[in-house]
Each structure stands twice: as structure tokens, then as C-alpha cells.
Amino acid sequence: MNNGAIDLRADGLPTVLLVEDSVDDVLLVRRALNKAGLAVRLEVAADGDAALACLGADTSGRERLAPDLILLDLKLPRRSGLDVLRWIRSRAELAATPVVVLTSSAEHEDIQGAYAAGANSYLQKPVAFQGLVQLLAALDLYWFRHNLSAPPFPAPHSHDRSTT
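Right, dumping it as C-alpha cells:
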């Protein structure tokens, strides 16, 4: 039963944007989602620029992706994960979208930087496949089953100056 925690798409599945440059890690995430029995629509951006294009920085007229959750690696080619995160947090239409940093780094500076830039969570990639399965199952349980998301932000409007 959906408690209204997320805005489900027409197919009934939450959309997850995985921003990850490692083809092997993308395949592992796909396998882990399958193994955990999680039904999500997984979209993949292979670098920071591709992530921004998916999310609307690309003005070529293609449809903007509105994910329910973003899994973001920090060490990306072309544009860092921190740059992507800062851009996401600068966009009103993405302000309520949860961003979970999923990276191999456990460096204090990376953790601090991610939270300072607006990450909702910071997770180190598990070494073992079963650890990844468990981590993704926990993310699904938290973000898509228990967490109540913020309502959409209203569009800015001009103040009505008429008197009643």
C-alpha cells in the first residue's frame, strides 16, 4: 500500500536516477535491485554532464526527468558529483528530491562536502554484493515506504494588489 510518500508514475514505479560512471557498478546495482525484488524505474547518467542534461540543464527540448530519488557518485568525469549536487539544490523544482551519495570514498572531506552541498544521506558502496542488496533494500524501505516526502513547491506568483 502506498502511503503517499512518493509520486508514482503511470507505471506505478518510483524512478531512481543513478549517476555512476562505472559500467560494472551500474550492472551491480541493476543485479542487486533484481536480487532484492525491488521494482523501480532505473535511469542512468554516466557522468555529471549527463546527469544535468537528464534533470533539465539541457535546453534541447527533451523531457526533463523528475526522479523520486537520486543515487549520486562523487567521483565522476566531466563534472564532479559535488558540482551536480550543488546544481540540483539550486533548482526549485528539484529542491525536495532526495539525493543519496553512494560512493566508494569514506574521506571526511568528501562526507562533509556532500552534506554541506545538500545531500540527504551519504553511503559508502559496500564491497560485497550481498551488502549492496541489503543497502538498496533499506533505501527502498526508507525512501519509498516510510518516508513522507515534502509536497511540491508552489510556483512563484505575483502578489494580487487589488483590494477586496
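First residue of the sequence shown? That's 1 in this note's numbering, and the numbers climb one at a time after it. Even for Gly, the Cβ is constructed at its ideal location relative to N, Cα and C.
- Only residues of its own chain outside the window of five on either side were considered, and among them 122 have a CB closer than 6 Å to the CB of residue 111, listed in chain order.
- By the Cβ neighbour-count rule, residue 23 is exposed, with fewer than 16 other Cβ atoms within 10 Å of its own.
- The beta strand (DSSP E) runs lying completely inside the stretch 47-121 and spanning 3 residues or more are 69-72 and 99-103, given in chain order.
- In this structure residue 17 touches residue 65 by the C-beta definition: roughly 6 Å separates them, less than 8 Å.
- By the Cβ test, the stretch 64-84 is in contact with the stretch 92-109, since at least three Cβ pairs between them sit closer than 8 Å.
- Residue 139 and residue 99 have their C-alpha atoms some 11 Å from each other.
- With a threshold of 16 other beta carbon atoms within 10 Å, residue 141 falls short and is exposed.
- DSSP places residue 45 within a strand segment (E or B) once states are collapsed to three.
- In its chain, beyond the 5 residues on either side, 13 have a beta carbon closer than 7 Å to the beta carbon of residue 39.
- Between the C-alpha atoms of residue 29 and residue 125 there is a straight-line separation of about 10 Å.
- Just measuring C-alpha positions, the residue of 133, 146, 143 and 147 sitting nearest residue 31 is 133.
- The beta carbons of residue 48 and residue 79 sit closer together than 8 Å.
- Taking C-beta atoms under 8 Å as the contact rule, residue 89 and residue 118 qualify, at a distance of about 4 Å.
- Shown here for residue 86: same chain residues with a beta carbon closer than 7 Å to its own, the five before and five after excluded, namely 117 in chain order.
- Bounds of the beta strand (DSSP E) holding residue 16 are 15-19.
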